[in-house]
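There are 2 protein chains.
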Amino acid sequence: MDYREAGVDIAAADEAKARIRALARSTFSAAVLSEIGSFGGMFRPDLTRYRDPVLVASTDGVGTKIKVAIEAGVHDTVGYDLVAHCANDILVQGATPLFFLDYIALGRMDPDRVESIVRGLAHACSELGCPLIGGETAEMPGTYGEDDYDLAGFIVGVVERVKALPRGVQEGDLLLGLPSTGLHTNGYSLARKVLFERMGHRIDTELPELGTSLGAALLAPHRSYLAALEPLLLRGKIRALAHITGGGFRGNIPRVLPPGLGARVRRESWAVPPLFRLIQRGGAVSEEEMYRIFNMGVGMVAVVAASDLHDVEHSLERRGETSFVIGSVVAGEGVAFE
Amino acid sequence: MDYREAGVDIAAADEAKARIRALARSTFSAAVLSEIGSFGGMFRPDLTRYRDPVLVASTDGVGTKIKVAIEAGVHDTVGYDLVAHCANDILVQGATPLFFLDYIALGRMDPDRVESIVRGLAHACSELGCPLIGGETAEMPGTYGEDDYDLAGFIVGVVERVKALPRGVQEGDLLLGLPSTGLHTNGYSLARKVLFERMGHRIDTELPELGTSLGAALLAPHRSYLAALEPLLLRGKIRALAHITGGGFRGNIPRVLPPGLGARVRRESWAVPPLFRLIQRGGAVSEEEMYRIFNMGVGMVAVVAASDLHDVEHSLERRGETSFVIGSVVAGEGVAFE
């Protein structure tokens, strides 16, 4: 008996690694001191411009959005999602990315698929100036179905300690919503159940209200808010950020508010995109549950001083970024909708 | 419809998070500036004793060893494995750990199981002085069977640039093997197929040659070599390290040798533990394939100058560490067994 009979194909793994290496190298900067294939990725951070640098690290997956990717046979967008999601998570602390690593586990080692996933990772990493310095690709027959896989991403960034967020949030501060590009990476178990099982749609069903196929709408990449927000962070114009991921508004906004403060959110202050309403109607999902699971069109919430609002809006506009005031910070706790 | 009907239990997730938080906190040092539950974990590294600090990061899983954990109903050891494996990977570059993050994905959110996994993580993190500063716990019905899960770990360490390994490896250097505690985290797909399917053993089969049950032997935790090797690294007595993981001897030793140099390994220089021989006999696995998949009793190989051998052996002995010269660095490439 050999490894291949046990379901592990080392030749396919070597082929996948060779393709990963080339893609990852395209994301490298002079700070990367190792090649892909080393036991550890080596990164020499330039910390000279920091007085008191704090490393900020986060890990995440893309959940069952992968199931949609498999159904559609499109695997680069979930790679992109993974990086954007992780970068947004450390941005919440005010940090900009240093480097990224990925974990890909598959039921069957398929070099084409791995290459496609990593192409998406590398694309996002290049956009964010965040080299992909390492990763693991594991063939795990038995844990994953033959056509199935999972992804986890790990990011490390840095922030000047005194500039770390949240800081200085006060009653009366405004909540500025930045638009999402779709479901991002949350709520896919419910969305799939409603859209495919209950409503009987297929991945290639064209829906006029979405202006595209269901697959394309569901796979719309999770966007990164780094480019839009970095100038404002550097200028100290953001008091807190909440990435609207699993747990939705109630789960994420309070995470960045100090004790004794809550949020009031006016639901009518932005237009919920049609995809969310489609899921809500199709599954008879309560309004409450929708805002607990989905981003509802708002992917990132920035807390800004009321006196900075025009400055912040103007800065965002100049970068082609839409934003809308969705509420304010109030005495109390949690999130109250109105 | 709600999230729970779609297979995602937010209440169970909250319960799991609460238990994780307490365990993770037990690993914290003063360098950790965030609580578990922040979007990103914040770590303030003390880099004052480094002239030119290089961050070294690695990610890994524990492969289908998880299947054995599930079968045995024991989940803390795979948590321990994950940390030890990652710490060994950065040790190969000469780095000592700064912090760790984990990704746990399950078919069904089971707070007891998550707690058990994280207890193992926290135990290893405490031992290694490497705080667990963040993680993700994802319920992914459909990707994982109801009783199934996967783990990925992510570690960041630091090394003084001029002390990074490998450095100065020369022809004539000796290969010093450090014993493994079992299969560590590699080869489980083959081991399970041979032991359970072909040989018909069960997880609780007591095997006299192992002196324990098969489950206990297979779940023996992956050991960390940090404590044994750190003093030698600080004194510059190690030229290279190879962590014997997936790919075995041929896959891992050449990764740390410079071009033009290979390794000669004398198989008779150490006693291969009975578990490996059991798998080999039971599956009629070739000797070649065994050394390509398994560590065969040697979990870490250190490359040392011949003139340092006695010093190194003495230092290891003083720490209660066994070691054996298993071969040498020779002109050529790859690994030649004799």
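In order, the protein sequence lines correspond to chains A and B. Using our numbering, you'd call the opening residue of the first sequence number 9 and step up by one each time. Using our numbering, you'd call the opening residue of the second sequence number 9 and step up by one each time. A virtual CB, placed ideally from N, CA and C, is assigned to each residue, including glycine.
Run through DSSP, which three-state label would Y88 (chain B) get? helix
Against chain B, with Cβ distances strictly below 8 Å, would P149 (chain A) count as a contact? yes
Straight-line gap, A199 (chain B) to G342 (chain A) (C-alpha atoms, nearest Å): 51 Å
DSSP on F345 (chain A), reduced to helix/strand/coil? strand
Going by Cα to Cα distance, which pick from B:G328, B:L63 and B:D54 is closest to R59 (chain A)? B:D54
Taking all protein chains shown into account, decide if L182 (chain B) is buried (16 or more other Cβ within 10 angstroms of its Cβ) or exposed. buried
Nearest-angstrom Cα distance between A236 (chain B) and S336 (chain B)? 21 Å
Within 8 Å of chain A by C-beta, residues of the region 128-139 of chain B in sequence order: none
So the candidates are B:D84, B:V62, B:S315 and B:F345; which of them puts its Cα closest to the Cα of E297 (chain B)? B:F345
Which residue wins for smallest C-alpha separation from A80 (chain A), given the options A:A38, A:S315 and A:L227? A:L227
Using a Cβ-Cβ distance under 8 Å, would V202 (chain B) count as near chain A? yes
Mind checking whether G305 (chain A) and P139 (chain A) have CB atoms under 8 Å apart? no
Could one say the Cβ of V164 (chain A) lies closer than 8 Å to chain B's Cβ atoms, at least one of them? yes
From the beta carbon of H251 (chain B), is the nearest beta carbon of chain A less than 8 Å away? yes
Nearest-angstrom Cα distance between L283 (chain B) and T213 (chain B)? 13 Å
Is there at least one Cβ from chain A nearer than 8 Å to A146 (chain B)'s Cβ? yes
Please list the partners that A92 (chain B) has in chain A, where partner means a Cβ-to-Cβ separation under 8 Å. By Cβ distance, chain A contributes nothing, its closest Cβ being about 14 Å from A92 (chain B), past 8 Å.
Figure out for me which residue from B:T85, B:R206, B:E154 and B:S124 has the closest Cα to the Cα of G115 (chain B). B:E154
Any beta-carbon of chain B closer than 8 Å to the one on F47 (chain A)? yes
Using a Cβ cut-off of 8 Å (strictly closer), state whether A160 (chain B) contacts chain A. yes
Is the distance from the Cβ of V62 (chain B) to the Cβ of R300 (chain A) below 8 Å? no
To the nearest angstrom, how far is it from the Cα of L191 (chain B) to the Cα of E147 (chain A)? 17 Å
To which residues of the same chain is Y196 (chain B) closer than 6 Å at the C-beta, ignoring the five residues directly before and after it? G71, T72 and K73
In the structure shown, what three-state DSSP assignment does H230 (chain A) receive? coil
Give the interface partners of V343 (chain A) over in chain B, defined as CB-CB distance under 9 Å, in chain order. What V343 (chain A) touches in chain B: nothing, since even the nearest Cβ is about 15 Å away.
Backbone CA spacing between G223 (chain A) and V202 (chain A) [nearest angstrom]: 14 Å
Hey, quick one: how far does the alpha helix (DSSP H) through D110 (chain A) stretch, first residue to last? It is not in any alpha helix (DSSP H) - D110 (chain A) instead sits in the beta strand (DSSP E) that spans T104 to L114.
Taking the DSSP output, what are the residues bridged to R272 (chain B)? B:S336 and B:A344
Continuous alpha helix (DSSP H) assignments of at least 4 residues falling wholly in the region 184-219 of chain B: 196-200
Select from B:D97, B:E325 and B:Y233 the residue whose C-alpha is nearest the C-alpha of T67 (chain B). B:D97
Other residues of its chain near V65 (chain A): CB distance less than 6 Å, five sequence neighbours each side excluded: Note that residue 65 (chain A) corresponds to Ala in the displayed sequence, not to Val. Within the same chain, A65 (chain A) has close Cβ partners V164.
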